[in-house]
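Single-structure report; data block below.
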Amino acid sequence: MIELLSKPIVDLLGAFGSGHVPTGGPADVLRASSRTLDTVQRIGQTAVSELATTWSGPAAAAAVDLAEEAHGSATRLARHGDEMAVIIDRACEKVQAGVVELQSIVQSFTSIAVSSAPVLLTPPGQTMIIAAAVEHLQRALAVVARVRAELAVHAGEMTALASPPPVPEPPGAPPAATVPTAATAATATDPSNRFLRNFAQSVSVPSLPDPQTYASTSTAAAVSDRDMSTFAPQRESAAVGARGRGVEVALPDGTVAVAPNEQAAGAVRSALSQQGVPYVWGGTEPGRGLDCSGLTQWAYGEQGVQLPRLAQEQDIGTQVSEDELMPGDLAVWDGHVAMVIGNGQFVEAGDPVQVSAIRTTNSGMGFQGFYRPTA
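Residues in the sequence shown are numbered consecutively from 1, following the UniProt record's numbering.
In structure tokens:
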């Protein structure tokens, strides 16, 4: 019975992955490539300086200009690789922290079950252990939701870095359209690029089941017996095509929405990182307790956009219609506020902070409309 009740949490832990990347993984490859580029840039800079003392004239000036452009490109590429490596490290740290939390939850439930063994065969004992299983499963699901939202933030950061800085064409190179595709194929098969694509996919896991369903089913089915990295997000291609511009945001359900600007996209990522945080009236502490306006005010504040404290006063910026909604827009009522994230959803401080379908009703409150704070 104990194994059956603990199986959903154990399965969550098994599907979570370890977050550990072996030596020589993508982050190490990126950093090694960056150091090589740094070395090449320094050698080239020295060579150009020596050349400038022995060669003069228009051709020499053109050669020096081209060399300096190449050096600048090498520096930008090295910095680009370092930034990607840092994001990978941070994402792995988030997964590792989640694994520790899930292990603690499993141990907590096991300890309760073992200490209650003498009464588990009695009706009160069975009621108690089922209630404990449901409570621990809810805690585990909150951990998974939070880590998934954190990974969505990092996936968005990686998406923004997916295109490398431009590299100057060598003298006499054919037009871009006629350049052979071997370089493109090499890029597509590079380990760090494969990791980037898999990492962007890793934020999508199946919809998490209701804890009561887990407790009541005799089979206690697993959330998934596959690693989180095997689930690929689907893009809101229609929205991307319709907007034609903007900043992509990876959503918890695996889709990718397009925000009007980086501030709105960052606010959505920040708000999603608080999924599972308890609702606290008047709460303004991320990770501990937030109310509805505290969540939106903090999320936008992280992007340098200041919102009023009260929900009904956050109707700032440009009012938009429902068919114009984009991630970061706010739905404002007389006493409540929620943030649109895309794909017909918004994130709000319910109890706990969670994603729900867009609506215009809320416990009889007057709906003031949708607003875009950054427009």
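Ideal placement from N, C-alpha and C gives every residue a C-beta, glycine not left out. A quick note: this is a predicted structure, and the numbers were derived from the prediction, not measured.
Annotation note: the segment 287-340 contains the following uninterrupted alpha helix (DSSP H) runs of length 4 or greater, listed N- to C-terminal: 292-301.
Following the DSSP letters along the chain, one finds S356 inside the beta strand (DSSP E) bounded by residues 353-357. Taking 8 Å as the upper bound for CB-CB distance, I9 and I87 are not in contact here, some 29 Å apart. Where G125 is concerned, the enclosing alpha helix (DSSP H) starts and stops at 123-160. 9 Å or more divides the Cβ of I130 from the Cβ of S116. Contact check for T159 and P260: beta-carbon distance about 16 Å, past the 8 Å limit, so the pair fails to qualify. Annotation: Q306 to S108 spans about 41 Å, alpha carbon to alpha carbon.
A distance below 8 Å between beta-carbons, with the five flanking residues on each side excluded, links Q314 to the following residues of its chain, in chain order: S293, T296, Q297, L307, P308, L330, V332, V337, Y371, P373.
Distance between C92 and V320, taken at the CA atoms: about 38 Å. Look at V280 here: in three-state DSSP terms it is coil, with no helix or strand label. Exposed is the label assigned to T53, since fewer than 16 other Cβ atoms lie within 10 Å of its Cβ.
A257: member of the beta strand (DSSP E) spanning 256-259, first to last residue. If you look at V268, you'll find it in the alpha helix (DSSP H) that goes 262-272. The DSSP-derived three-state label of A250 is strand. With respect to P252, V355 sits close: the two C-beta atoms are nearer than 9 Å.
Residues of the same chain with their beta carbon placed closer than 7 Å to that of R35 are lacking, with the five preceding and five following residues left out of the count.
If you draw a straight line from the Cα of E248 to the Cα of G156, it comes to about 7 Å. Taking C-beta atoms under 8 Å as the contact rule, A149 and Q275 qualify, at a distance of about 5 Å. Q345 has G342, A357 as its beta-bridge partners, per DSSP. Only residues of its own chain outside the window of five on either side were considered, and among them A132 have a CB closer than 6 Å to the CB of I112, listed in chain order. Residue pairing by DSSP puts R372 in a beta bridge opposite T318. The beta carbons of G81 and S6 sit about 43 Å from each other, so the pair does not count as a contact at 8 Å.
Each residue's CA atom was taken as its position, placing E348 and D38 some 45 Å apart. Residue pairing by DSSP places E101 opposite no residue, since no beta bridge is assigned to it. M339 is positioned such that its CB atom lies closer than 9 Å to that of A271. Beta-bridge annotation (DSSP): F367 is paired with W333. Minimum Cα-Cα distance from P352 among the listed residues G57, S273, T255 corresponds to S273. It is roughly 18 Å from the alpha-carbon of A357 to the alpha-carbon of G335. For E285, DSSP records a beta bridge to G289. In the three-state reduction of the DSSP assignment, L120 falls in the coil class, being assigned neither a helical nor a strand state. By the criterion of a C-beta distance shorter than 7 Å, Y300 is surrounded in its chain by A267, L307, P373, once the five residues flanking it on both sides are discounted.
From the listed residues H136, V143, V119, the smallest Cα separation to A97 is found for V143. Per DSSP, reduced to three states, the secondary structure at G57 is coil, with no helix or strand assignment. In this structure, DSSP gives S163 a state outside helix and strand, which the three-state scheme calls coil.
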